[in-house]
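Asks: Shown below is the structure under consideration.
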Amino acid sequence: MMTAPKITFIGAGSTIFVKNILGDVFHREALKSAHVALMDIDETRLEESHIVVRKLMDSAGASGRITCHTNQKAALQDADFVVVAFQIGGYEPCTVTDFEVCKRHGLEQTIADTLGPGGIMRALRTIPHLWRICEDMTEVCPKATMLNYVNPMAMNTWAMYARYPHIKQVGLCHSVQGTAEELARDLNIDPASLRYRCAGINHMAFYLELERKTADGTYVNLYPELLAAYDAGQAPKPNIHGNERCQNIVRYEMFKKLGYFVTESSEHFAEYTPWFIKPGREDLIARYKVPLDEYPKRCVEQLANWHKELEEYKTAERIDIKPSREYASTIMNALWTGEPSVIYGNVRNEGLIDNLPQGSCVEVACLVDANGIQPTKVGTIPSHLAAMMQTNINVHTLETEPLLPENPARVSHSLFYT
């Protein structure tokens with residue numbers, strides 16, 4: 001094994017995400033001397049990321065080197081870890097098109113990155129390039145581990161392991177650990193006191209157990225306390241990012257009905273069920289505070305904020321950031337050093353969740369150490385949760401199966417069931 005790993009970042013023009021991931025990496029002792037290969041097709045954004053990453057590295061006292069690439073295969077050569085974070089087509093024209101075309105046909109969306117027409121079109125744009133990454137990895141870094149952050153997560157992950165089962169990969173999201181922190185905040189308790197067991201599919205996993213450690217070292221079920229706080233109007237707290245459009249009512253209402261709390265945000269979850277966004281039912285949109293067209297609005301705001309933030313980074317002597325909630329550096333450190341960690345990852349269902357289709361993509365706890373990323377068995381999940389997930393898995397199946405033999409005519413079937 002080399003003395004330091006090579007970390008290749010595909011989609012390095014996503015500077016905010018690069019900053020979060022590599023900011024974590026440079027504070028890991030075993031990763032401080034890593035070779036970071038930044039790759040993007042946009043040379044301007046690539047150079048912006050280079051400036052930020054260099055200052056992050058210097059500020060953290062890291063001693064590695066940085067290379068920049070517009071050629072994907074060159075960036076991947078001899079990589080140990082491949083972080084993938086890109087959006088084919090970007091905000092303009094593709095995200096705008098996903099929303100505007102649907103609106104012309106009376107279809108409203110909030111995020112449109114996972115399911116529905118927007119999620120399906122995003123998968124069609126994305127999966128072919130993920131396959132090209134897998135092809136390049138097969139040639140120049142066949143032993144590398146891919147850490148995939150690209151949505152729609154379940155369809156992308158499924159499509160890759162279906163065609164390239166030899167590629168070591170895991171799909172990563174921050175909804176499990178992020179929602180746990182939100183719930184702790186809603187209850188005014190320390191997130192470190194939480195213990196939970198979560199399982200399902202990406203953006204629709206549920207906390208099967210949610211507990212808090214007490215002063216005597218025992219654990220108590222938090223669900224009664226959480227329900228009481230919601231009924232009393234004490235939860236949810238205002239959006240942590242100051243976004244008044246996203247008030248998290250949908251998830252709490254579903255929690256009351258289902259008895260379990262879902263991991264992904266209310267603005268996402270409203271799209272994955274048939275109960276909140278309906279033609280002619282503006283009353284539901286108002287009652288449950290469903291933020292239609294949220295993702296395009298968020299993109300515009302984030303782009304504006306980023307341009308301001310980038311100018312500050314360009315003139316700053318150092319860039320110091322707080323640790324993020326992303327799993328990437330934890331996984332790299334565990335695989336490289338053998339120091340065990342537990343993360344939640346999106347993986348192939350091979351006997352992990354008994355009452356979801358075998359071979360589908362599920363989100364479960366995974367042990368990570370020198371032996372690799374090892375998903376843990378969950379068993380049977382509550383049947384009403386599995387039934388809801390199955391409606392989403394139906395779309396995943398109808399999207400990925402036609403792509404493998406490249407039968408575009410069949411892809412339209414996925415739209416019938418979304």
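Read in full-length UniProt numbering, the sequence shown has 87 at position 87, and its numbers run on one by one without any break. Just so it is clear, CB atoms sit at the ideal spot from N, CA and C, and this is done for glycine as well.
Closest Cβ-Cβ distance between Ala-387 and chain D: below 8 angstroms?
Replies: Here chain D cannot be found, since the structure has a single protein chain.
Asks: If you compare alpha carbons, which of Ala-162, Gly-233, Asn-355 and Glu-209 is closest to Leu-187?
Replies: Taking only the C-alpha atoms, the option nearest Leu-187 is Gly-233.
Asks: Would you say Leu-46 and Ala-85 are within 8 angstroms of each other, going by their C-beta atoms?
Replies: No, Cβ-Cβ distance for Leu-46 and Ala-85 is not below 8 angstroms.
Asks: Based on the DSSP secondary-structure assignment, which residues constitute the bridge partners of Ala-205?
Replies: DSSP, once it has assigned bridges, lists Gly-200 as partnering Ala-205.
Asks: What does DSSP give as the partner residues of Pro-375 in its beta bridges?
Replies: Beta-bridge pairing links Pro-375 to Cys-366.
Asks: Using beta-carbon positions only, say whether Lys-6 and Asp-58 come within less than 8 angstroms of one another.
Replies: Against a cut-off of 8 angstroms, the Cβ pair of Asp-58 and Lys-6 comes out as no contact.
Asks: What does Ile-10 pair with, by DSSP beta-bridge criteria?
Replies: Partner(s): Met-39 and Val-84.
Asks: In whole angstroms, what separates the C-alpha of Ala-328 from that of Ile-21?
Replies: If I take the Cα positions, the gap works out to 7 angstroms.
Asks: Within 10 angstroms of its Cβ, does Pro-375 collect 16 or more other Cβ (buried), or is it exposed?
Replies: It is buried - the Cβ of Pro-375 has at least 16 other Cβ atoms within 10 Å.
Asks: So, at 6 angstroms on beta carbons, what are the nonlocal neighbours of Lys-168 in its own chain, with the 5 sequence-adjacent residues on each side left out?
Replies: The answer, listed in chain order, is Thr-145.
Asks: From Leu-183, Trp-131 and Ile-201, pick the residue whose C-alpha is nearest to that of Ala-387; which is it?
Replies: Selected option, being the one with the closest Cα: Ile-201.
Asks: Assign residue 482 to one of two classes, buried (16 or more other C-beta atoms within 10 Å of its C-beta) or exposed (fewer than that).
Replies: The requested residue 482 is not part of the displayed model; the chain covers only 1 to 418.
Asks: On a CA-only basis, which of Leu-367, Leu-194, Pro-152 and Glu-311 is nearest Asn-392? Give me that one, please.
Replies: Here the closest residue by C-alpha is Pro-152.
Asks: From the DSSP secondary-structure annotation, give me the bridge partner or partners of Gln-169.
Replies: DSSP lists Met-146 as partners of Gln-169.
Asks: Return the CA-CA distance between Cys-366 and Asn-221, expressed in angstroms with no decimal places.
Replies: Going from the Cα of Cys-366 to the Cα of Asn-221 covers about 23 angstroms.
Asks: With distances taken Cα to Cα, identify the nearest neighbour of Tyr-196 among Tyr-260, Thr-315 and Asp-283.
Replies: The option with the nearest alpha carbon to Tyr-196 is Tyr-260.
Asks: What does the Cβ neighbour count give for residue 429, buried or exposed, with the cut at 16 atoms within 10 Å?
Replies: Within the shown structure, residues of the chain are numbered from 1 to 418, placing residue 429 beyond reach of any answer.
Asks: Does DSSP classify Ile-353 as helix, strand or coil?
Replies: In this structure, Ile-353 counts as strand in the three-state DSSP scheme.
Asks: Need the endpoints of the alpha helix (DSSP H) that Ser-193 sits in, please.
Replies: Neither: Ser-193 is in no alpha helix (DSSP H) and is coded neither H nor E.
Asks: By how many angstroms is the C-alpha of Ser-14 removed from the C-alpha of Val-290?
Replies: Whole-angstrom Cα-Cα distance: 28 angstroms.
Asks: Can you give the Cα-Cα distance for Glu-363 and Glu-350, rounded to whole angstroms?
Replies: The straight-line gap from Cα to Cα measures roughly 12 angstroms.
Asks: Using the three-state DSSP reduction, which class does Asn-156 fall into: helix, strand or coil?
Replies: Asn-156 falls in the helix class under three-state DSSP.
Asks: By DSSP, does Ile-343 sit in helix, in strand, or in coil?
Replies: Three-state DSSP puts Ile-343 in a strand.
Asks: Check the C-beta distance from Gly-64 over to Val-36 and give it rounded, since I have them as a contact under 8 angstroms.
Replies: The Cβ separation is near 6 angstroms, so the contact holds.
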